[in-house]
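Shown next, in the form of structure tokens:
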């Protein structure tokens, strides 16, 4: 139960509704327990009539009165049971809502390293399946536990008053039940954890298969993928069946023990009636009804125990992520305007997940309003620089400053609001093209959306679709070509008019002619803004105010286009190579 203590704050939040629900539950059970006592009264009245102590008119009057009481108690108990469920079950839904939000907010805070180490399917399973298991504990488990405790306490008190010895014989099976539940619960807890882990693995594989369906079809490996899925599904099924086999012991055991109690009531009660220790057969009938009323609550003991064990296993998995401290934290709560020169001072950075050093002692300065181009081989550290500027990671050593202020001294929200970022892998949401562009600025007008699309040279492509800007994109923007996705991403970045623009090889999927048109627009838009362009093409970098070339995390060349093409080295070789293959002739002129 230690893991489930995390929910205590939610129980306190909704304590009024819970307490009211508990009170209603207790009162409803009390009304339910009126029935056995009135049944005993019926037997007593009939016995008096048979002995000649009551007239026919009197017995009819007494029986009608007792029946009215039974019906009245049942109606009131039914109404209270309805409200009991409304309060307690509704609270469990509120807790489910709050817990999902808490998990989602934690996911938003965690750094990129976390997502590199954990798979999407597992993250989804914890916020859906695991939270669902916890909800069962916060609602049905609590409700049925209160039901059971109330019925047991009140029923045992009533029974003990009527026939103490018979009551003791009736509850003999209960200790056996408690021991069995304890042993089964431990096994359920262990198997529930395994089941949830299998579900996470299955969810992850399914998610990856759907996301990569184009690759699966292109390589013709549908059968292999289906076989792998079947193996995982079979493993999950086996673990589910293994859990079900243990849980299946509960109900037969409950019925057996309840049946044993009924037999004891009939036999012991009958002997006591014969010996004159019990005055009326109504007492035996009353006890049989009590035992049968307790049948479902006793049966739910096993069910509730199973729910609690599964909930604890699930909450443990949830807590594992909730306890992770975000690596990137917002150290400043006040508003901090972002402007000025960006300076890298002897910056080094190593990725935790791979232990690869991406940057080693990198130093450079980007003047406010200027454009920096970064070139280099794959894996040289180009994208890492952009990630560090957006503070998606913190440096291992050295310092990054904007206007001489360390990057971590800026309000993180202000910093990222000031950045327009176009990633190397253009990610688009399964929404309209318009909303994907407005993702950069939710309040943008249709005119601003169209203007951004024109500057990204994608407007003409969009209007050719049947629904134009209202076209719904497939998952990850699969409706569009690679170049179109990149250009929509550019439109999304520039529509917010940020102070810093970061372009991570975002023109790799477009032809050189389209690239020239987009770059011409970008240089016009980026006037007065600080821009960083990562590219493998000289054509994307040549008009930048400053160019740096990276190799193995170090700067090996630095200067303007004119300076670098006149010096032997990586940049000049790349320029000459691309000049021959693409026919670069004239430098682009920024308007």
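In this note's numbering, the protein residues as written are 64 to 654. Idealized CB from N, CA, C, for every residue including glycine. Everything numeric in this text was worked out from a predicted model, so none of it was measured.
For residue 528, no beta strand (DSSP E) segment is defined, and its DSSP state is neither H nor E. In the DSSP annotation of this structure, residue 505 is not part of any alpha helix (DSSP H), being labelled neither H nor E. In this structure residue 332 is not in contact with residue 103, their Cβ atoms being roughly 12 Å apart against a cut-off of 8 Å.
Residue 609 and residue 533 have their alpha carbons spaced roughly 40 Å apart.
Here residue 339 is exposed, its C-beta having fewer than 16 other C-beta atoms within 10 Å. In the three-state scheme derived from DSSP, where H, G and I count as helix and E and B as strand, residue 630 is classed as coil. Separation of residue 526 and residue 586 (C-alpha to C-alpha, rounded to the nearest whole angstrom) is 25 Å.
Of the candidates 132, 137 and 151, 151 places its Cα closest to the Cα of residue 78. Counted as a single uninterrupted DSSP element, the alpha helix (DSSP H) harbouring residue 297 occupies residues 285-310. Burial state of residue 360 is buried, judged by a 10 Å Cβ sphere holding 16 or more other Cβ atoms.
For residue 280, the uninterrupted alpha helix (DSSP H) segment begins and ends at 276-281.
Just measuring C-alpha positions, the residue of 443, 407, 439 and 411 sitting nearest residue 426 is 407.
Residue environment analysis places residue 561 among the buried positions, since at least 16 neighbouring C-beta atoms fall within 10 angstroms of its C-beta.
Taking all protein chains in view, the Cβ of residue 389 is surrounded by fewer than 16 other Cβ atoms within 10 Å, so the residue is classified as exposed.
The three-state reading of DSSP puts residue 260 in helix, counting H, G and I together. With 16 or more other Cβ atoms from the protein chains shown falling within 10 Å of its own Cβ, residue 208 counts as buried. With contact defined as three or more Cβ pairs closer than 8 Å, the segment 364-373 and the segment 118-130 are not in contact. The residues 591, 592 and 593, in chain order, have a CB closer than 7 Å to that of residue 432 in the same chain once the five nearest residues on each side in sequence are set aside. With fewer than 16 neighbouring CB atoms inside 10 Å of its own CB, residue 337 falls in the exposed class.
Residue 436 carries a strand assignment under DSSP once its states are collapsed to helix, strand and coil.
Beta-bridge analysis with DSSP links residue 460 to 411.
Across the set 294, 235, 73 and 242, the C-alpha of 294 shows the shortest separation from the C-alpha of residue 262.
Residue 211: member of the alpha helix (DSSP H) spanning 205-225, first to last residue. The beta strand (DSSP E) runs of length 3 or more contained entirely in the segment 340-423 are, from start to end of the chain, 405-413. Assignment of residue 485 by DSSP, reduced to helix, strand and coil, places it in the strand class.
About 6 Å separates the CB atoms of residue 434 and residue 589; that is less than 8 Å, so the two are in contact. DSSP places residue 273 within a helical segment (H, G or I) once states are collapsed to three.
Within the same chain, 450 come within 6 Å of residue 456 by CB-CB distance, once the 5 residues on both sides are set aside.
Residue 437 is positioned such that its CB atom lies closer than 8 Å to that of residue 613. Take the alpha-carbon of residue 238 and the one of residue 203: they are about 24 Å apart.
Taking 8 Å as the upper bound for CB-CB distance, residue 166 and residue 391 are not in contact here, some 18 Å apart. The Cβ atoms of residue 395 and residue 473 lie closer than 8 Å to each other. In this structure, the alpha-carbon of residue 279 lies about 6 Å from that of residue 285.
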